[in-house]
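Residue numbers (the UniProt record's numbering): 1 to 412.
Here's the structure we're looking at; comments come further down.
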């Protein structure tokens, strides 16, 4: 699940494929995050659809917050809504893409039945970048609509007369584009959900991109990174998150609710292991391949991940500055690197922990790594990564920290 803007470039400090362009012609050859970054497509061995147990776990820990806020959005108006618009930002593909929407519609139907009200018609917007595998989602819609029809007929007979299209009162569409830009008309969205997306920045921080801050041999923040790198990442996150909140404020109705779930940290230190060690291990693998002549060192030095795991202090600073939303709650959860055994499919359980982590990471970041380093090293890179992760987790208890924010737009 991933986002970016169109105006800035993908990675790097000095690489000819990723630095600021020296000419118009060079700039035209460079690719933006929107053009490059997407989860691995299809349903194959390395696809996101087959390797998204971590994200499934993250959706699970935010389930109660999502149910609570969608009910609040449903009941916030003085008049019972005839229709509601819902947006899932950074929906990606695979089974998780429609899972959130199913849980949201379940909550709406249950509340409508409890209050003996007709369930509103639902306009569901699934958003991700242009390279997202929307076709896999669309192929799942017939079975999704069938379930909605059965549920709607069971729960609510008030507005069956309007169900002339898909047999339910839920209508799903894809909205390709970056959530760091406008996606919807003003005052049109009642509920926004986003999971495992907002830790992706719109671009590599500008100071790093322009070569003013160096982070050689690393892909992201680490214990050896200079303070200028830490500052650049923090500033870029604040800029992006502020932009995200300002745009959502324009698009959402007063009293609308939002649940945002993304990777973060508990510590003020952005170089703490929970926040960055998955990138540290990946950098170690690449530098080992450099020493063997398999990867150019300049390629490693010129790559920086457009990613940031913020702390709550940074998030609250942005929310206070933007000012349009009330932060109803914020919870932090620890998530196993491999997603937790209880969330694994049968095919995933037979893999070692290191293999599960490696496949999960590969399904998410391979598109950007392949664009920079080339496709020829991907199999070897992630084989070595699985072995290093296995060794690391045998001696360390490193977790992801997932933050779940519940917000309400002021003005109702």
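Every residue gets a Cβ at the ideal spot worked out from N, C-alpha and C, and that includes glycine.
Note that the coordinates shown come from a computational prediction; the quantities given were computed from them, not determined experimentally.
Just measuring C-alpha positions, the residue of 41, 45 and 90 sitting nearest residue 59 is 90. Taken in chain order, the complete beta strand (DSSP E) segments of 3 residues or longer contained in the region 252-295 are 252-264. The C-beta distance from residue 404 to residue 65 rounds to 5 Å, short enough to meet the 8 Å contact threshold. Counted as a single uninterrupted DSSP element, the stretch harbouring residue 90 is not any beta strand (DSSP E), since DSSP gives it neither H nor E. Residue environment for residue 384: buried (at least 16 other C-beta atoms within 10 angstroms of its C-beta). Beta bridge pairing from DSSP links residue 332 with 403. Along the length of the region 188-227, whole beta strand (DSSP E) runs at least 3 residues long occupy 189-195, reported in chain order. Remark: fewer than three beta-carbon pairs, one from each stretch, lie closer than 8 Å, so the region 223-235 and the region 322-335 are not flagged as touching.
Look at residue 127 here: in three-state DSSP terms it is strand. Residue pairing by DSSP places residue 171 opposite 123 in a beta bridge.
Per DSSP, residue 186 lies in no alpha helix (DSSP H) segment and is marked neither H nor E. At a Cβ-Cβ threshold of 8 Å, residue 274 and residue 109 do not count as neighbours. No Cβ-Cβ contact shorter than 8 Å links residue 118 with residue 237. In the DSSP annotation of this structure, the continuous segment of the alpha helix (DSSP H) that includes residue 317 starts and ends at 312-322. By the Cβ criterion, the region 315-326 is not in contact with the region 271-287, since fewer than three pairs of Cβ atoms, one from each stretch, lie closer than 8 Å. The residues 34 and 176, in chain order, have a CB closer than 6 Å to that of residue 130 in the same chain once the five nearest residues on each side in sequence are set aside.
At the C-beta level, residue 32 and residue 93 stay beyond 8 Å of one another. Beyond the five residues adjoining it in sequence on each side, residue 390 comes within less than 7 Å, by CB distance, of 352, 353 and 354 in the same chain, given in chain order.
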